[in-house]
Amino acid sequence: MKTRYLTLLAVLLAGCMTLVTRSEQGVLQEVWLRVPGDRVADLTFDESPTRTRIADRFDHSGLDDNYGSRTSALVVPPRTGDYTFWIASDDGGELWLSVDGTPATKRLIARVDGYTGKDQWDAQKGQKSEPISLTLGQPVRLVALQKEGGGGDHMSVAWEGPGIERGIIETQYLRVPELSPETAAVIAATKTADRELKALKEKASAFWKAGKTLPIEYSTRFPFSGAPPANDTGINVLVDQAHQTQFAVLWGLRGQIAGQGFRACSSVACLDSVLKPGANSRVRIRVGDMEPFAWYPNPEFNIVLTSQQDSKAQVYTPEERRALRRFVEQGGGLLVLGNRPRDEAGADAWSMNTMLAEFGGGFSPEPVTLAGRTFAGLTLDSAWDVLQRGDGDRPVRARRVFGKGRVMIWEARDTLSPGKKESDESRRQKLTALKANLLWLAEGKAPVGGPAQLPHLGGVGIFPELDQQMGSVVVYYAANQSAEVMTCIRDHIPQAAKQIRAWLPSKTFEEPYNIVICAGGGGGWAINGRPKAAAVISYDSLGILGIFAHEMAHTMGGPRNTSDQLAGRSPHHNQGEAHAGWFQGKISAQFSGKTDQANRNCNRILELEKKKGRQLDVATEHQTPAGREFWGKGPEWTKLWYIWQKLDDRYGPTWYPRWYWVRATRWAGDPGHQETWDEMVEDMSIAVGEDLFPFFRKVGTTLDHDRLERIEFQGKMMELAIAPLNAGPAGNVCLDPIGDYTKPLPSTRQ
């Protein structure tokens, strides 16, 4: 490895070491795609660069994953004196300099081990060169090598010298090195490819902004980058999470499988859609700085791993059961991780047992003790070989041949997959067993091979096969949902979306928000790449509705001013957790029918304050370390909901959109203005037409002012009486429609 790297480095540097200069300003940027590793020492390729461009600056970012780059230029000093150079990169980087342009004088002057932040010059000692004496007008050769593995990527070079403050080297001091005919040809080809890429990106952007999944040609045009796993077996493993999505399997076990040389891909789509030859699955691909959904040709798999411990989770449909049976009969391997049913009725009703019955097996409610732990016993026909028995000689682990394929039932995930706190020896033993059992399961057919990288972006490889668009929100879901959840998706979510938009009129966003319904009882994660998405783990319709409302509210900024702006930023964040939770609570109350308590049961803050012996001060303790240490995470939002519920009690729900409209109108001349808490209470007082400062004081809020007797708004002076609000319990959640938020509020509700 080291010899190849040094040989390549000599070629890379010698290839651009020349004193012949060009009149063109800029740098020569060369990129080699699909090169694994994250260190410069991993640059062990011999081919010509994939892309070559003339760039304006000695920096770049957002190129791709798994690539290597070389950026070279002649640097022309504007004055004689000592110059210092820096390099910042993600991942590893090296900066080489030659004072006369020849390989003989090249030397390494700075480097990055691991990675740094973008333009972060002082993260590592080695990033900075020693002072180097340069002469006015005499160019020196500067070459930056960078290696990117995965995640963010960037490279930049800065300098400092006589009359020059530290910063990225400006274009006026850079000259493109002499180009060989071969390099010029690659540049021309790259320009053509860049034009095509730009057009494709524009089309891709239009697709996903319309809430659509990109056609299949995009996934072939933008393949998943990366190298095969170490010790690649060529065996593809599908980690099925469409029947219970668990982080320990989705990310933990999947990663361990990949670490043993298997190509692993997780999925929250129904098995029949993923295993259908010639069909397509929904994935996320990287197109520049976007990660849109796209259709992707179904990979072929050697093994399916499926797991379910919660018998209430999404079922194995008849179509899935048939697809699994056909998959195994034709040589595929099936690994099943299950659980113990509570009773015989539960065992009979459990869809996992219905699926396993296709292979003559199942989980029994009879507990079996093994090594001090309790597992489910197995019900097996005579074709099974028992691998592990517990007390009473009852089986807990077994395998069998079925058709051309193989099936294995394993008693628990943690006896197959090592945890973070296990000893090195225990970890080694489990990973060795994991690999051996997967190899046995794969013996029914030859390794399918194919692309080295399977879908993996967005926390899930393969996303649900079905979708429904509702304005600025798109919901993705698998076909194995219960009738209750399907009704929620098809009927209740559109109703909830309409209701939230009615309560908080907002401009429809160009970029839709995406909800991914995953299997299981609760949880989720945020997918931050564009387009943004929230993965919701739930089989409960009210849980799905609540999270949907929460995430949708995050995308809604409320009414805008006459310049079509959102202006002013409240101290608790305009579209933050309190805002999202407020509408989550209203939607949950509306669809559950539980309207006999305050929104989000916010009166519980009064009980907590009584227990703690003082009031929570939202102005000084909202999302602060000290506040979180004393109150825990969440009560500051509950306190805001309590305040807002008190305003709902007196003024009805119109005050909320009117508050957002007032803020946008007040700060139209300074849209980015960060409000103080006093300014926020001024907005709210204008919105309701009464002075809210005394009320905020009553509930324990630190403010600079006690009263707001008058204030100017829209060129008119408002005289404000004190709002007659007390610090007692708030009333019930208000689900009334709003009125005209641009007009003063009518008579109060109380």
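Going from the sequence shown to my numbering is simple: count from 1 and add 12.
All C-beta atoms in this analysis are idealised placements derived from N, C-alpha and C, irrespective of residue type, glycine included.
As DSSP reads the structure, TYR672 sits in no beta bridge. About 4 Å separates the Cβ atoms of GLN596 and HIS562, confirming a contact at the 8 Å cut-off. Within the region 700-747, the beta strand (DSSP E) runs of at least 3 residues that lie entirely inside it are, in chain order, 722-725, 728-731. Pairing TRP108 with THR117, the inter-Cα distance amounts to about 10 Å.
Here GLN726 is exposed. Its C-beta has fewer than 16 other C-beta atoms within 10 Å. Note that the C-beta distance between TYR672 and GLY588 is not below 7 Å. Residues of the same chain with a CB within less than 8 Å of the CB of GLU434, apart from the 5 flanking positions on each side, are LYS442 in chain order.
When the Cα atoms are used, LYS130 and VAL700 turn out to be separated by approximately 46 Å.
Residue environment analysis places THR666 among the buried positions, since at least 16 neighbouring C-beta atoms fall within 10 angstroms of its C-beta.
With a cutoff of 7 Å on beta-carbon distance, TRP653 and ARG612 are scored as near each other. Each residue's CA atom was taken as its position, placing LYS324 and PRO637 some 39 Å apart.
The residues ALA579, ALA676, THR677, ALA680, in chain order, have a CB closer than 7 Å to that of ASN573 in the same chain once the five nearest residues on each side in sequence are set aside.
The C-beta separation of ALA490 from CYS282 comes to about 5 Å, placing the pair in contact by the 8 Å criterion. Beta-bridge analysis with DSSP links LYS140 to TRP98. Around the beta-carbon of PRO647, 16 or more other beta-carbon atoms lie within 10 Å, marking it buried. The beta carbon of PHE707 is closer than 6 Å to those of ALA735, LEU737 in its chain, skipping five residues each way along the sequence.
Remark: C-beta atoms of LEU86 and PRO189 approach each other more closely than 7 Å. Contact between ASN314 and GLY344 holds, since their C-beta atoms are separated by about 6 Å, short of 8 Å.
Contact holds between the region 291-302 and the region 461-478, because three or more Cβ pairs, one in each stretch, are under 8 Å apart.
With contact defined as three or more Cβ pairs closer than 8 Å, the region 522-531 and the region 447-455 are not in contact.
Taken in chain order, the whole alpha helix (DSSP H) runs of length 4 or more contained in the region 209-241 are 228-233. According to DSSP, residue pairing for GLU691 in a beta bridge does not occur. Runs of the beta strand (DSSP E) lying entirely within the region 289-328, each at least 3 residues long, are 292-296, 305-309, 315-319 in chain order.
Remark: fewer than three beta-carbon pairs, one from each stretch, lie closer than 8 Å, so the region 235-250 and the region 401-408 are not flagged as touching. The DSSP-derived three-state label of LEU450 is helix. Residue pairing by DSSP puts ALA388 in a beta bridge opposite PRO379. For ASP397, the three-state secondary structure derived from DSSP is strand.
The beta carbon of TYR488 lies closer than 6 Å to those of PHE475, PRO476, ASP479, VAL528 in the same chain, with the five residues before and after it left out. Straight-line measurement puts the Cα of PRO143 at about 11 Å from the Cα of PRO174. Nearest in C-alpha terms to PRO353, of all of PHE371, PRO330, VAL380, is VAL380. An exposed status is given to LYS210, since fewer than 16 other beta-carbon atoms sit within 10 Å of its beta-carbon. Between the region 739-759 and the region 609-625 there are three or more inter-stretch CB-CB distances shorter than 8 Å, so the stretches are counted as touching. In the DSSP secondary-structure assignment, ARG418 is bridged to GLY345, VAL413. Membership of LYS159 in the beta strand (DSSP E) is indicated by the continuous run 152-160.
Comparing alpha carbon positions, the residue from VAL261, ARG401, GLN577, PHE560 closest to PHE603 is PHE560. GLY681 sits in coil when the DSSP states are folded into three classes, being neither helix nor strand.
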